[in-house]
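Notes follow the structure.
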Amino acid sequence: MKFYSTIYTALLLSLTLPLLALAHGDKDHDKKSTSAVKKEQKAWGIAGDMKDAKRTVTINMTDNMRFQPNSIEVKQGETVKFVIKNIGMAMHELVIGTKKDLDEHAAMMLKHPGMEHDEPYMAHVSAGKSGEIVWNFNRPGDFEFACLIAGHYQAGMVGKIKVIAAKSDGHSLKH
Numbered sequence: 057m058k059f060y061s062t063i064y065t066a067l068l069l070s071l072t073l074p075l076l077a078l079a080h081g082d083k084d085h086d087k088k089s090t091s092a093v094k095k096e097q098k099a100w101g102i103a104g105d106m107k108d109a110k111r112t113v114t115i116n117m118t119d120n121m122r123f124q125p126n127s128i129e130v131k132q133g134e135t136v137k138f139v140i141k142n143i144g145m146a147m148h149e150l151v152i153g154t155k156k157d158l159d160e161h162a163a164m165m166l167k168h169p170g171m172e173h174d175e176p177y178m179a180h181v182s183a184g185k186s187g188e189i190v191w192n193f194n195r196p197g198d199f200e201f202a203c204l205i206a207g208h209y210q211a212g213m214v215g216k217i218k219v220i221a222a223k224s225d226g227h228s229l230k231h
């Protein structure tokens with residue numbers, strides 16, 4: 057009887073462990089819902105409209121815990137369409153934010169690795185797939201993007217975004 061119990065346990069584990077390996081959930085996160093995108097002003101900007109995106113930036117994510125490119129420069133007011141390609145074998149994500157926000161979110165992800173979230177400044181991308189983010193950088197400053205899947209951020213999967221302040225038009229009131 058113990059023999060069959062051991063076989064049953066081994067079979068159960070062999071069926072369960074692959075599901076646990078998908079610690080970030082087994083949903084296909086790279087498919088955005090058909091509902092309207094939540095437009096909430098953040099320190100690093102606001103969700104953009106596809107029709108306003110004049111530039112597309114492709115970012116590759118790799119299993120050596122790096123983004124290619126890992127540094128991007130945009131102008132204040134620019135709406136950018138990011139095409140995020142996961143060229144690795146593991147799930148990765150790209151989350152835009154301030155260093156403080158990313159640090160806090162990464163700490164939460166370590167405590168709750170199966171946590172699911174879907175914000176317009178995030179893209180969860182399965183191995184071999186692509187995702188998109190359309191973002192309006194309406195505030196100048198230095199921001200970051202990162203993969204916050206447990207262990208990835210800590211391994212250095214981080215990039216930089218520099219938003220250059222819009223120049224004033226130089227007009228002044230003359231009487």
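Letter by letter, the sequence shown follows residues 57 to 231 of this note's numbering.
Glycine included, C-beta positions come from ideal geometry on N, C-alpha and C.
Can you list, in chain order, the residues of its chain with a C-beta nearer than 7 Å to that of residue i? Leave out the 5 residues immediately preceding and following it.
| i | result |
| --- | --- |
| residue 88 | At residue 88, the pLDDT of 45 sits below 50, so the modelled position is not reliable; the number obtained from the coordinates is stated separately. Counting only Cβ-Cβ distances below 7 Å, and skipping sequence neighbours, we find nothing. |
| residue 119 | 144, 145, 146 |
| residue 155 | 200 |
| residue 113 | 128, 136, 138 |
| residue 167 | none |
Does the separation of the CB atoms of residue i and residue j fall below 9 Å?
| i | j | result |
| --- | --- | --- |
| residue 115 | residue 150 | yes |
| residue 178 | residue 152 | yes |
| residue 176 | residue 95 | yes |
| residue 121 | residue 206 | no |
| residue 202 | residue 213 | yes |
| residue 215 | residue 142 | no |
Between which residues of its own chain and residue i is the CB-CB distance below 6 Å, once the five residues before and five after are set aside?
| i | result |
| --- | --- |
| residue 124 | 116 |
| residue 198 | 218 |
| residue 99 | 154 |
| residue 97 | none |
| residue 140 | 115, 150, 179, 181, 187 |
| residue 108 | 135 |
Taking 8 Å as the limit between beta carbons, can you name the residues of its chain near residue i, skipping five residues before and five after?
| i | result |
| --- | --- |
| residue 204 | 149, 151, 158, 161, 162, 165 |
| residue 196 | 132, 219, 220, 221, 222 |
| residue 209 | 158, 162, 165, 202, 203 |
Could you pull the start and end residues of the beta strand (DSSP E) that residue i belongs to?
| i | result |
| --- | --- |
| residue 186 | 186-193 |
| residue 178 | 178-181 |
| residue 283 | The displayed coordinates of the chain run from 57 to 231. Any statement about residue 283 would go beyond what the structure contains. |
| residue 101 | Segment: none, residue 101 is in no beta strand (DSSP E) and carries neither H nor E. |
| residue 218 | 214-220 |
Under 8 Å from any heavy atom of the ligand GDP, does the C-beta of residue i make it?
| i | result |
| --- | --- |
| residue 172 | The ligand content of the structure shown is nil, which means the ligand GDP is not present either. |
Beta strand (DSSP E) runs wholly inside the segment 108-173, at least 3 long, in chain order = With a minimum length of 3 residues, the continuous beta strand (DSSP E) runs that stay inside the segment 108-173 are 111-118, 122-124, 127-131, 134-142, 148-153.
Answer yes if the segment 185-193 comes into contact with the segment 93-105, meaning at least three C-beta pairs across the two stretches below 8 Å, and no otherwise.
-> yes
Any chance the segment 169-187 sits against the segment 134-154, with 3 or more Cβ pairs inside 8 Å?
-> Because the criterion of three Cβ pairs below 8 Å is met, the segment 169-187 and the segment 134-154 touch.
Using 8 Å as the threshold, is the segment 125-138 in touch with the segment 155-174, meaning 3 or more CB pairs across them?
-> no
Do the segment 160-169 and the segment 120-130 touch if we need at least three Cβ pairs shorter than 8 Å?
-> no
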